[in-house]
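Colleague: The sequence shown begins at 1 in UniProt numbering and counts up by one. Note that beta-carbon positions come from the ideal geometry of N, C-alpha and C, so glycine has one too. Could you have a look at this structure, given as structure tokens, before my questions?
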Amino acid sequence: MIHIYIKTEYNSTEDPKKLKTVLTNFSSIIEDKIELIETDSSRFFTAEASGIEILKNFFEGIRKQQIVQSARKILNIERDSEGVSFMLNKQALFVGKFHFSETPDESPMGPVHVRIESDNIDSLIEYLVPETRKGIPIEVDYLPE
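Set out below in structure tokens:
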């Protein structure tokens with residue numbers, strides 16, 4: 001089973017509708033799952049959902065931007081035995097672009113934190129970010145579960 005968690009800080013200067021757009025640009029399927037979490041010191045928009053279809057925008061976006069090879073490198077570095085965690089630039093994601101952040105400081109308004117978990121993380125990473133030949137993805141012939 002594939003499960004995704006996504007979260008971004010909600011700063012007082014930000015429009016909540018725009019932040020929801022940021023999260024739905026990662027996955028339009030999570031739109032009705034977005035929640036506002038407030039603590040004494042911060043506020044976050046979060047969402048979580050399950051299924052491979054959640055990753056459609058990400059899958060298509062990194063191919064459209066021709067960054068599969070770079071994304072593969074990042075996902076393989078950031079993976080663990082149960083999944084992969086990475087950060088995306090919030091402003092870029094607002095306009096539908098996937099730009100990875102190595103540190104939270106790279107995104108002035110804070111990054112979007114993404115956690116993807118899978119029973120078979122190797123298979124999922126190979127599906128999302130396969131090896132490339134001359135910049136062209138060598139797509140796998142399966143759909144991970």
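Under the rule that 16 or more other beta-carbon atoms within 10 Å means buried, what is T39, buried or exposed?
Modeller: With fewer than 16 other Cβ atoms within 10 Å, it is exposed.
Colleague: Between D119, L36, V68 and I52, which lies nearest to H99 when the distance is taken from Cα to Cα?
Modeller: Here the closest residue by C-alpha is V68.
Colleague: Just verifying my parser: in three-state terms, what is the DSSP assignment at V68?
Modeller: The answer is helix: DSSP assigns V68 an H, G or I state.
Colleague: CB F94 to CB V22, shorter than 8 Å?
Modeller: Yes.
Colleague: What residue range is occupied by the uninterrupted alpha helix (DSSP H) comprising S123?
Modeller: Unbroken alpha helix (DSSP H) run through S123: I121 to L128.
Colleague: Distance, Cα to Cα, I52 vs I2?
Modeller: Whole-angstrom Cα-Cα distance: 6 Å.
Colleague: Tell me whether S12 is buried or exposed, calling it buried when 16 or more other Cβ atoms sit within 10 Å of its Cβ.
Modeller: So S12 ends up on the exposed side.
Colleague: Can you look up F94 in the DSSP assignment and give me helix, strand or coil?
Modeller: It is helical.
Colleague: Quick check on T24: buried or exposed, where buried means 16 or more other Cβ atoms within 10 Å of its Cβ?
Modeller: So T24 ends up on the buried side.
Colleague: Given 8 Å as the limit, is there contact between the segment 100-110 and the segment 130-145, that is, 3 or more CB pairs closer than that?
Modeller: Because the criterion of three Cβ pairs below 8 Å is not met, the segment 100-110 and the segment 130-145 do not touch.
Colleague: What's the gap between the Cα of I136 and the Cα of R115?
Modeller: Cα to Cα, I136 sits roughly 26 Å from R115.
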